[in-house]
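Peer 1: Can you keep this structure in mind? I'll have questions shortly.
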Amino acid sequence: MNPQNSSSSVTHPRGTRARVLLSSVFGPYAQNDEFGSRAINPMELYHNQVTRAQGAFSLRMFHRSWGIMLIQANISAPCTVLDFPTREAFARELTSHDYEVVGISSIIINVGKVREMCRMVRQLSPHSTIIIGGHVTAIPGIEHLADADHYVRGEGISWMRRYLGEDVTAPIKHPAIVSGIQTRAMGMRLPERRGSTAATIIPSVGCPMGCSFCATSSFFGGKGNFCNFYETGDELFDIMEGFETSLGVQTFFIMDENFLLHRKRALQLLARMKAAGKSWGMAVFASANAIKLYTMQELVELGISWVWMGLESPHSVYTKLKGTDTRKLTHELRSHGIRVQGSTIIGLEHHTPANITDEIEHACSHETDFHQFMLYTPVPGTPLYREMKEQGRMLDFVDLADIHGQFKFNFQHAAISREDSKRFLDWAFLHDFECNGPSLYRMCQTMLQGWRRYRDYPDPRVRERFAREMQKLRTGYSAALWAMEHQFRSVNRSVSEKMKALRKDVENESGFIARLSSRALGPLLLWTTRREERRLAKGKTYEPPTFLERTNWAST
Ligand code: B12
Ligand code: SF4
Numbered sequence: 021m022n023p024q025n026s027s028s029s030v031t032h033p034r035g036t037r038a039r040v041l042l043s044s045v046f047g048p049y050a051q052n053d054e055f056g057s058r059a060i061n062p063m064e065l066y067h068n069q070v071t072r073a074q075g076a077f078s079l080r081m082f083h084r085s086w087g088i089m090l091i092q093a094n095i096s097a098p099c100t101v102l103d104f105p106t107r108e109a110f111a112r113e114l115t116s117h118d119y120e121v122v123g124i125s126s127i128i129i130n131v132g133k134v135r136e137m138c139r140m141v142r143q144l145s146p147h148s149t150i151i152i153g154g155h156v157t158a159i160p161g162i163e164h165l166a167d168a169d170h171y172v173r174g175e176g177i178s179w180m181r182r183y184l185g186e187d188v189t190a191p192i193k194h195p196a197i198v199s200g201i202q203t204r205a206m207g208m209r210l211p212e213r214r215g216s217t218a219a220t221i222i223p224s225v226g227c228p229m230g231c232s233f234c235a236t237s238s239f240f241g242g243k244g245n246f247c248n249f250y251e252t253g254d255e256l257f258d259i260m261e262g263f264e265t266s267l268g269v270q271t272f273f274i275m276d277e278n279f280l281l282h283r284k285r286a287l288q289l290l291a292r293m294k295a296a297g298k299s300w301g302m303a304v305f306a307s308a309n310a311i312k313l314y315t316m317q318e319l320v321e322l323g324i325s326w327v328w329m330g331l332e333s334p335h336s337v338y339t340k341l342k343g344t345d346t347r348k349l350t351h352e353l354r355s356h357g358i359r360v361q362g363s364t365i366i367g368l369e370h371h372t373p374a375n376i377t378d379e380i381e382h383a384c385s386h387e388t389d390f391h392q393f394m395l396y397t398p399v400p401g402t403p404l405y406r407e408m409k410e411q412g413r414m415l416d417f418v419d420l421a422d423i424h425g426q427f428k429f430n431f432q433h434a435a436i437s438r439e440d441s442k443r444f445l446d447w448a449f450l451h452d453f454e455c456n457g458p459s460l461y462r463m464c465q466t467m468l469q470g471w472r473r474y475r476d477y478p479d480p481r482v483r484e485r486f487a488r489e490m491q492k493l494r495t496g497y498s499a500a501l502w503a504m505e506h507q508f509r510s511v512n513r514s515v516s517e518k519m520k521a522l523r524k525d526v527e528n529e530s531g532f533i534a535r536l537s538s539r540a541l542g543p544l545l546l547w548t549t550r551r552e553e554r555r556l557a558k559g560k561t562y563e564p565p566t567f568l569e570r571t572n573w574a575s576t
């Protein structure tokens, strides 16, 4: 239980019989509106903050609101989750059922929507108790911005259980979560076959590293603290095995801010995987110093196929990078078939107009598979925010809806202006794309390296995993390489030549199938890519579908 939670001892008079609606904020998201939606800030992970300069090559997908899904799975009260509603759908749900409790989940930028949703609840379902949870509650004075009854800071499952008079110490049940929804790339929607998309596993929330700018860390207790839902590798193994059966998956997106930091748990999971012959793949977030706790063999045997890692400037002061040559590490990981998603902050304290381009070039020289760039952003609730506030450097006129790290500085930087911050950020994305090519191509490079290195590895689990990846390379990806190579000729000829060489390598390794697929499907993908470029140029955006899920429900 987080001590910052408001009203932590209050319980609802109907206890676990109270009907609960849990909702994320309403859409649409990827367009400018009066509630704080911004075209620049779509409800998409990659297209928002990673591949957004990659045009039709950008990887596009949505992710569900896992916080409310976890809460729903862990209360026994009748509960509805409404995810990505429209305003109309939210109003309809409020009026068509009698909810005693309405919980709204949001991050800071969407506070305008939270305010509107509270107003709607007061009007349409005046007897409901309104609870606001998630990062939005880190805003100082949130009580004056949105009219709720409770503002829940930090971990929400235990708060909700206590509020409903349920057992706070009961084990956490993990809901079955398909990680990405409606994935598209190069103008094509990928088929959503059973098991084709990873399952999300959430072992914990928060991060004990406590970097001063980090909202996730500070929201769950800051340096030295975090909330662990599953302490042991055994628990994780059982959950993963369950989803292998129910969802048909063999890959997992581990949503833990620093999964590899917990070495004992990871190695216990590895031992169970080995004993049961599990050829699973895992995408994880991990800091460079945590990755260094493992040998490459351990990482590969654990099934680590994707690492999201901070690559701050060599001159930064963050302990997560201490003593690590991140370029060497990135190169090494990729040579073992592990895709690297780098994350670089633009506008650190020591950045100036004179050194920032070198720093961005240094970041791009890592040649990661994916690269996220974010503006250095003091976010309410973080130590950095408090520090900037004390120094009188926060720009108080900036709308909260614009504090998402992809627009302009929200504070007075020592050397870089607010306008230039956006220019440097945009250039970073573009430069990475133009120098290194589409992320889809870079992934293919890494997958081939992994397969070549591990195809004869003694552990059959590892061989099987790389063989699965190679199967994708010789079919769909091979066709994508053909199309990328042709489309990229006008952007960067030398990168296009490298794509061609890679495609030839894949074909040489796989023979007829890869050649057939690149020649037959490649031109089709080139056509869909160009069609998508035209659509994007006309302003096409994508929105997630609405989900409505009820549990413990008996209709009235
Ligand atoms: C998945 C994710 C997304 C998904 C969105 C999924 C969705 N449906 O909303 C995508 C990729 C689209 C996304 C986009 C963005 N995101 Co995001 N995202 C995350 C991420 C990685 C995981 C969130 C998660 O599910 N965590 C696990 C769950 C269990 O934790 P939780 O949501 O916090 O929920 C717990 C509590 O908060 C609480 N709780 C939550 N809701 C409720 C509701 C009630 C009623 C109660 C009682 C409690 C409660 O209980 C839960 C269990 O303990 C987090 C980082 C992180 N590790 O949390 C960033 C994070 C939430 N995102 C963030 C940001 C800034 C963004 C973007 C603005 C980024 C950008 N510029 O690209 C955009 C905004 C898009 C938009 N238009 O809204 C910030 C929020 C900062 C802040 N202080 O507000 C975070 C914390 C990352 C960071 N460290 O900066 N994001
Ligand atoms: S290591 Fe990453 S998740 Fe952990 S506090 Fe630092 S920035 Fe946040």
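Numbering-wise, the sequence shown is residues 21 to 576 according to this note's numbering.
Glycine included, every Cβ here is placed at the ideal spot set by N, Cα and C.
Keep in mind that this is a model prediction, so the values were computed, not measured.
(1) Looking at Met137: is its Cβ nearer than 8 Å to the Cβ of Val45?
(2) Identify the residues that DSSP records as bridge partners of His170: which are they?
(3) So, do the region 449-459 and the region 432-439 have three or more beta carbon pairs nearer to each other than 8 Å?
(4) What residues match up with Arg80 in a beta bridge as DSSP calls it?
(5) Could you have a look at Ile60 and say whether DSSP puts it in helix, strand or coil?
(6) Confirm, please, whether the CB-CB distance from Leu450 to Ile366 is below 8 Å.
(7) Nearest CA to the CA of Leu313: which residue from Gln74, Arg285, His117 and Ala303?
(8) Please tell me whether Thr566 and Ala50 are closer than 8 Å, where the distance is taken between their beta carbons.
(9) Out of Gly401, Lys298 and Gly542, which has the shortest C-alpha to C-alpha gap to Gly174?
(10) Rank His67, Met329 and Asn375 by C-alpha distance to the C-alpha of Gly362 and give the top, closest one.
(11) Quick check: the Cα distance between Arg550 and Ile197, rounded to an integer number of angstroms?
(12) With a cut-off of 8 Å, do at least 3 Cβ pairs link the region 221-236 to the region 390-407?
(13) Go ahead and label Arg84 buried or exposed: buried means 16 or more other beta carbons lie within 10 angstroms of its beta carbon, across all protein chains shown.
(14) Check this for me: beta carbons of Ser498 and Phe508, under 8 Å apart or not?
(15) With 16 as the cutoff for other CB atoms within 10 Å, does Asn528 come out buried or exposed?
(16) Can you grab the Cα-Cα spacing for the pair Trp447 / Ser441, in whole Å?
(17) Alpha carbon to alpha carbon, what distance is there between Phe453 and Leu102?
(18) Would you report the Cα separation of Leu597 and Val141, rounded to the nearest angstrom?
(19) In the DSSP assignment, the beta strand (DSSP E) including Phe393 goes from what residue to what residue?
(20) Which class does Val156 belong to by DSSP, given the choice of helix, strand or coil?
(21) Would Ser43 pass as a contact of Ile128 if the rule is Cβ separation under 8 Å?
(22) Would you decide whether Ser199 is buried or exposed? Buried here means 16 or more other CB atoms lie within 10 Å of its CB.
(23) With three or more beta-carbon pairs closer than 8 Å as the criterion, would you say the region 213-228 touches the region 267-282?
(24) Give the DSSP-derived three-state secondary structure of Asn94 in the structure shown.
(25) Give me the residue from Tyr474, Pro543, Thr571 and Met394 with the minimum Cα distance to Leu319.
(26) Just to confirm, is the Cβ distance from Leu280 to Ile311 under 8 Å?
(27) Using C-beta distances below 8 Å, list every residue in its chain close to Phe110, excluding the 5 sequence neighbours before and after it, in chain order.
(28) With a 10 Å radius around its C-beta and 16 neighbouring C-beta atoms as the bar for buried, classify His386 as buried or exposed.
(29) Just to confirm, are Leu522 and Gln465 a CB contact at a threshold of 8 Å?
(30) Consider the C-beta atom of Asn278 and the heavy atoms of the ligand SF4; say whether any pair is separated by less than 7 Å.
(31) Residue ranges of each beta strand (DSSP E) run of no fewer than 3 residues wholly in the region 275-299, ordered along the chain?
(32) If you drop the 5 nearest sequence neighbours on each side, which residues of the same chain put their C-beta closer than 8 Å to that of Ala190?
(33) Around the Cβ of Ala308, are there at least 16 other Cβ atoms within 10 angstroms (buried) or fewer (exposed)?
(34) Cα separation between Trp471 and Phe240?
(35) Would you say Cys234 touches the ligand B12, meaning its beta carbon is less than 7 Å from a heavy atom?
(36) Indicate the three-state DSSP secondary structure (helix, strand or coil) for Glu381 in the structure shown.
Peer 2: Concretely, from the data shown:
(1) yes
(2) Ile151
(3) no
(4) Arg204
(5) coil
(6) no
(7) Arg285
(8) no
(9) Gly401
(10) Met329
(11) 33 Å
(12) yes
(13) buried
(14) no
(15) exposed
(16) 10 Å
(17) 37 Å
(18) Any question about residue 597 goes unanswered here, given that the chain covers just 21 to 576.
(19) Phe390 to Leu395
(20) helix
(21) no
(22) buried
(23) yes
(24) coil
(25) Tyr474
(26) yes
(27) Ser43, Phe46, Leu102, Met137 and Met140
(28) buried
(29) yes
(30) yes
(31) none
(32) Asn94 and Arg181
(33) buried
(34) 39 Å
(35) yes
(36) helix
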